[in-house]
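Participant: Those sequence lines, one after another, are chains Y and P. Note that the first sequence ends on residue 983 in the numbering used here; no numbers are left out. Note that the second sequence ends on residue 322 in the numbering used here; no numbers are left out. Heads up, the beta-carbon is just placed ideally off N, CA and C, and yes, glycines get one too.
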Amino acid sequence: MSSAATPPPPVRRIQVDADPTVVAPSTPGTTNGGHSNVGLAAPRRRPHRATDGLERMRAEELTVYYADKPAVKGVTLPVRSGEVLSLIGPSGCGKTTLLRTLNRLTELTATASFEGRITLDGEDVLAQEVTSLRRRVSMVFQQPNPFPMSVFDNVAYALREQASRRPGRDQLRPQVEEALRRAGLWDEVADDLSHPALRLSGGQQQRLCIARALAVRPEVLLLDEPCSALDPRSTATIEELILKLRDELAVVIVTHNLQQAYRIADFVGFMYLGELVEYGPADQVFGDPRAKRTKDYISGGFG
Amino acid sequence: MEAATARVPAARPLESGWRRSDRLFVGLCWATGILLCLIAGSLVLYMLFRGLQYVSVDLLTTHPVSDLDQSKTGGFLDPLIGTVILAVMGTLIALPLGVGAAVWLTEYGRPAWLARSVESGIEMVAGTPSIVLAIFGLLLFSQQFLSFLSFTASGNAVFGRSFFAAGAMMSLIALPLIFGATRAALQAIPSHVREASYALGKTKAATIRRVLLPMSREGMATGTALGMGRIAGDTAIVVILLGATLRLQGVGDEPVLSTLRGTGSTLTSYVYNNSPAGEGNAPDKAYAAAFVLLMVVIALNFGIDLFTSRRARRA
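(1) Does the structure place the segment 927-936 of chain Y close enough to the segment 760-768 of chain Y that three or more beta carbon pairs sit under 8 Å?
(2) Contact check, Y/P758 vs Y/E735 under 8 Å by CB: the rounded distance?
(3) Between the C-alpha atoms of P/I311 and P/G187, what's the straight-line distance to the nearest angstrom?
(4) Please classify Y/Q649 as buried or exposed, where buried requires at least 16 other C-beta atoms within 10 Å of its C-beta.
(5) Excluding sequence positions up to five away, which residues of its chain have a Cβ less than 7 Å from the Cβ of Y/V965?
(6) Please name the residues in the segment 789-802 of chain Y whose beta-carbon is closer than 7 Å to at least one beta-carbon of chain P, in chain order.
(7) Apply the 10 Å Cβ neighbour rule to P/I92 and answer buried if 16 or more other Cβ atoms are within range, or exposed otherwise.
(8) Could you name the residues of chain Y that P/P221 contacts, counting a contact when the two beta carbons are closer than 7 Å?
(9) By the criterion of Cβ-Cβ separation under 9 Å, what are the contact partners of P/E202 in chain Y?
(10) Since Y/R816 is in the alpha helix (DSSP H), which residue starts that stretch and which ends it?
(11) Taking P/V218 as the query, report the chain Y residues whose CB atoms sit under 9 Å from its CB, ordered along the chain.
(12) Would you check if the distance between the CB atom of P/K209 and the CB atom of P/E114 is smaller than 8 Å?
(13) Do three or more CB pairs link the segment 781-798 of chain Y to the segment 740-749 of chain Y at distances below 8 Å?
(14) Output needed for P/L102: all residues of its chain with C-beta closer than 7 Å, excluding positions within five of it in sequence on either side, in chain order.
(15) DSSP state of Y/V759, grouped into three classes?
(16) In its own chain, which residues sit with a C-beta less than 7 Å from the C-beta of Y/L860, not counting the 5 before and 5 after it?
(17) Does the Cβ of Y/D872 have 16 or more other Cβ atoms within 10 Å, making it buried, or fewer, making it exposed?
(18) Using the beta-carbon count (16 or more within 10 Å), is P/N163 buried or exposed?
(19) Show which residues of chain P have a CB atom less than 7 Å away from the CB atom of Y/R676.
(20) Would the segment 230-244 of chain P count as touching the segment 44-61 of chain P if we require 3 or more Cβ pairs under 8 Å?
(21) Less than 6 Å between C-beta atoms, sequence neighbours within five positions excluded: which residues of the same chain meet that for P/G250?
(22) Helix, strand or coil for Y/Q855 per DSSP?
(23) On the DSSP bridge list, what partners appear for Y/R738?
(24) Going straight from the alpha carbon of Y/P906 to that of Y/L782, what length do you get?
(25) Would a C-beta distance cut-off of 8 Å place P/V263 and P/F158 closer than the cut-off?
(26) Could you tell me which chain Y residues have their CB closer than 8 Å to the CB of P/H199, listed as they occur along the chain?
(27) Tell me which residues of the segment 875-891 of chain Y have at least one Cβ-Cβ distance to chain P shorter than 9 Å, keeping chain order.
(28) For Y/P708, count neighbouring C-beta atoms within 10 Å of its own C-beta (all shown protein chains included) and say buried if the count is 16 or more, exposed if not.
(29) Along chain P, which residues have their Cβ under 7 Å away from the Cβ of Y/T777?
(30) Buried or exposed: Y/P854, going by 16 or more other Cβ atoms within 10 Å of its Cβ?
(31) Looking only at C-alpha atoms, which of Y/L956, Y/L938, Y/Y952 sits nearest to Y/I978?
(32) Considering only C-alpha positions, which residue in the set P/S63, P/F309, P/I41 is nearest to P/A296?
(33) Counting only the same chain and skipping the five closest in sequence on each side, list residues whose C-beta sits under 6 Å from that of P/I305.
(34) What is the DSSP secondary structure of P/P71, counted as helix, strand or coil?
(35) Can you give me, in chain order, the residues of the segment 913-934 of chain Y that have a beta carbon less than 9 Å from any beta carbon in chain P?
(36) Relative to the alpha-carbon of P/A5, which residue among P/Q150, P/A195, P/A141, P/L193 has its alpha-carbon at the smallest distance?
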């Protein structure tokens with residue numbers, strides 16, 4: 681991997697205090713075992729696309745505190761449309777906190793506060809109305825959590841009340857159908873949109889949650905371990921879905937599952953103890969990590 | 008009545024491989040379940056036996072009459088209506104208050120000192136004997152500025168006893184139950200469900216109205232059923248704040264309002280009055296009324312169950 685071909689990744693926090701742990705740049709030919717050192721047998725679904733998509737969001741020197749304790753420390757990170765950014769790292773490393781700060785969900789935690797700057801299309805998120813920000817930066821959670829309503833109402837929920845006058849069922853139907861189609865659920869629920877959402881299977885419920893999040897036409901989609909409660913088959917469906925969605929919007933996915941990150945990510949950020957240790961194209965992070973801690977983590981050394 | 012017993016898987020007999028302590032525990036579970044069923048069953052059966060002996064449709068449709076001869080004391084239409092009015096009134100007042108307080112406490116709960124005060128205040132109301140509430144209500148509703156809610160005697164003395172007064176105090180009996188059940192239901196909703204709604208750009212108000220309240224409907228219904236049962240079963244407030252007059256005695260001319268401003272009785276005060284302990288001395292009527300009261304409470308619970316399960320099925 682030649683460093684001249686790709687522009688240098690924006691940040692390597694590790695340089696400051698962890699200099700000696702950086703792995704020596706590998707020479708061509710000895711690629712640290714290449715992908716094999718990751719122990720990942722599954723093939724990448726699609727090769728990493730080195731397209732420099734439009735930068736939608738950016739966290740700058742972001743530090744998030746819970747009370748006095750920092751959970752995320754000075755992270756700078758771009759979120760670009762047209763690519764999947766995967767945040768990996770051991771439990772408690774701050775990746776979910778980082779994700780939740782992007783659409784200001786951490787504000788719901790009374791003790792949380794953050795320093796630094798988060799921008800959406802160049803505009804500070806704090807300057808935006810939180811409800812409109814969250815419609816532009818939508819989120820899907822770890823547990824499938826459809827509301828106890830019909831499939832239709834779940835998707836329409838996000839659309840309703842947004843307008844000053846409540847739109848009727850017929851008006852909403854095209855939007856609901858489109859969201860369900862984008863989430864790949866339409867064919868399974870089209871016959872009975874009044875079916876209670878909680879009676880769907882777990883995988884269907886999660887896709888319904890994605891449809892719900894897509895219905896507001898977000899620019900950025902945040903996914904917090906969306907497959908960790910699902911079986912392998914549903915996981916595969918959702919991964920395919922994510923790969924399809926990345927053409928239309930920016931996707932940030934937090935995952936514990938390295939294989940998953942390896943399969944779907946275009947860019948990977950490895951976090952450890954609140955720091956962004958390494959950020960770069962997925963092939964580089966998995967194939968030729970620069971930081972020793974990254975290498976240890978992806979080869980199963982810790983975490 | 009369903010047994011609340013532990014179900015042994017697949018209805019197999021206790022397996023011989025089980026430890027003795029496990030078998031003992033399962034046996035105890037069965038025993039408690041069956042015991043509870045027996046108690047509830049014998050109560051209902053006894054009331055059924057006694058009640059059916061004396062109850063008749065006539066009793067439900069004729070007004071009560073004061074008479075020394077038990078056969079001439081008429082029915083208990085008025086007390087029956089009184090019970091229904093009080094249960095409905097008390098619930099109508101307590102439901103919005105209890106649900107509102109529960110929502111505020113779980114979803115906002117700030118400042119913390121106010122939340123703590125609300126919580127302990129409601130706990131205190133829950134612990135207050137109803138006769139204390141009744142005396143307090145009498146004091147309150149005898150005030151001049153509340154005279155429009157009850158009968159005003161010549162000389163401007165406010166009587167302070169009416170369905171309004173009793174209903175208001177009855178709501179305090181149901182309030183803690185509705186509050187507690189609603190709060191428990193709200194707390195049982197995982198936080199990521201709330202966050203899912205916020206993450207769609209929803210406000211707190213919309214989240215509460217569209218997601219949290221529908222999800223806690225079952226808890227609210229349980230609390231309401233319990234509260235209605237407690238209202239229907241309370242006697243002290245009826246005797247002191249409703250006047251416990253045998254018949255509904257309206258105040259004024261407006262059709263419904265006059266009844267609500269007037270006095271009356273409920274099945275509980277009727278039972279008390281006609282039991283050997285009271286003045287009416289018509290124990291047959293007391294048994295019949297007690298049976299009807301039990302049926303009313305069971306019907307209320309059943310109705311609310313039906314209502315919520317139907318709403319839930321649509322969701």
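Facilitator: The answer reads as follows:
(1) Judged by Cβ distances under 8 Å, the segment 760-768 of chain Y makes contact with the segment 927-936 of chain Y, as three or more pairs qualify.
(2) Stepping through the first sequence from its first residue, residue 758 of chain Y is reached at position 78. Stepping through the first sequence from its first residue, residue 735 of chain Y is reached at position 55. Between Y/E735 and Y/P758 the Cβ distance is about 5 Å, and since that is below 8 Å, they are a contact.
(3) Along the second sequence, one-based indexing puts residue 311 of chain P at 304. Along the second sequence, one-based indexing puts residue 187 of chain P at 180. Roughly 17 Å between the two C-alpha positions.
(4) Because residue 649 of chain Y is not part of the residues shown, which for chain Y are 681 to 983, the question remains open.
(5) Stepping through the first sequence from its first residue, residue 965 of chain Y is reached at position 285. Within the same chain, Y/V965 has close Cβ partners V948, F950, E958, T974.
(6) none
(7) Against the second sequence, residue 92 of chain P aligns to sequence position 85. Buried: at least 16 other Cβ atoms inside 10 Å.
(8) Within the second sequence, residue 221 of chain P is the residue found at index 214, counting from 1. What P/P221 touches in chain Y: P828.
(9) Mapped onto the second sequence, residue 202 of chain P falls at position 195. The contact set of P/E202 on chain Y, defined by CB atoms closer than 9 Å, consists of R780, L785, L788, M819, F821, N825 in chain order.
(10) Sequence index remark: in the first sequence, residue 816 of chain Y carries index 136 (1-based). Residues 810-816.
(11) Locating residue 218 of chain P in the second sequence gives position 211, counting from the first residue. Near P/V218 (Cβ distances below 9 Å), the residues of chain Y are F827, P828, M829, Y837.
(12) Numbered from 1 along the second sequence, position 202 holds the residue referred to as residue 209 of chain P. Numbered from 1 along the second sequence, position 107 holds the residue referred to as residue 114 of chain P. No, they are not a contact pair.
(13) yes
(14) One-based indexing of the second sequence puts residue 102 of chain P at position 95. If we look at P/L102 and ignore the five residues flanking it on each side, its Cβ neighbours are I185, T231.
(15) Taking the first sequence and counting its residues from 1, one reaches residue 759 of chain Y at position 79. Y/V759 falls in the strand class under three-state DSSP.
(16) In the first sequence, the residue the question calls residue 860 of chain Y occupies position 180. Once the five neighbours on either side are set aside, the close Cβ partners of Y/L860 are V835, W866, V869, A891.
(17) Along the first sequence, read from residue 1 onward, the residue named residue 872 of chain Y stands at position 192. By the 10 Å Cβ count, Y/D872 comes out exposed.
(18) For the purposes of this step, residue 163 of chain P is taken as the residue at position 156 of the second sequence. Exposed, by the Cβ-count rule.
(19) Nothing in the structure corresponds to residue 676 of chain Y, since chain Y is present only between 681 and 983.
(20) no
(21) Walking along the second sequence from the start, residue 250 of chain P turns up at place 243. R168, T270, listed in sequence order.
(22) As a first step, residue 855 of chain Y is located in the first sequence; it is residue number 175 there, counting from the start. Y/Q855 falls in the helix class under three-state DSSP.
(23) Here residue 738 of chain Y corresponds to residue number 58 of the first sequence, with the count starting at 1. Y/P758, Y/T799, per the DSSP bridge assignment.
(24) Along the first sequence, read from residue 1 onward, the residue named residue 906 of chain Y stands at position 226. Along the first sequence, read from residue 1 onward, the residue named residue 782 of chain Y stands at position 102. So the two alpha carbons sit approximately 17 Å from each other.
(25) As a working note, residue 263 of chain P is residue 256 in the second sequence. As a working note, residue 158 of chain P is residue 151 in the second sequence. No, they are not a contact pair.
(26) Indexing the second sequence from 1 puts residue 199 of chain P at position 192. Going along chain Y in sequence order, the residues near P/H199 (Cβ under 8 Å) are F821, Q822, Q823, N825.
(27) P876, A877, L878, C889
(28) Residue numbering aside, residue 708 of chain Y sits at position 28 when the first sequence is read from its first letter. Residue placement at Y/P708 cannot be trusted, given a pLDDT of 41 that sits under 50; what the coordinates show is reported in the next sentence. So Y/P708 ends up on the exposed side.
(29) Position 97 of the first sequence, counted from the first residue, corresponds to residue 777 of chain Y. Near Y/T777 there are no residues of chain P at all, since even the closest Cβ is about 13 Å away, more than 7 Å.
(30) Your numbering for residue 854 of chain Y matches position 174 in the first sequence. Counting Cβ neighbours within 10 Å, Y/P854 comes out exposed, since fewer than 16 surround it.
(31) Position 298 of the first sequence, counted from the first residue, corresponds to residue 978 of chain Y. Taking only the C-alpha atoms, the option nearest Y/I978 is Y/L938.
(32) Here residue 296 of chain P corresponds to residue number 289 of the second sequence, with the count starting at 1. Of the listed residues, the one whose Cα sits closest to P/A296 is P/S63.
(33) Here residue 305 of chain P refers to the residue found at position 298 of the second sequence. Hits under 6 Å: none found.
(34) Position 64 of the second sequence, counting from 1, holds the residue named residue 71 of chain P. Correct three-state label for P/P71: strand.
(35) none
(36) Outside the displayed range of chain P (8 to 322) lies residue 5 of chain P, so it cannot be described from this structure.
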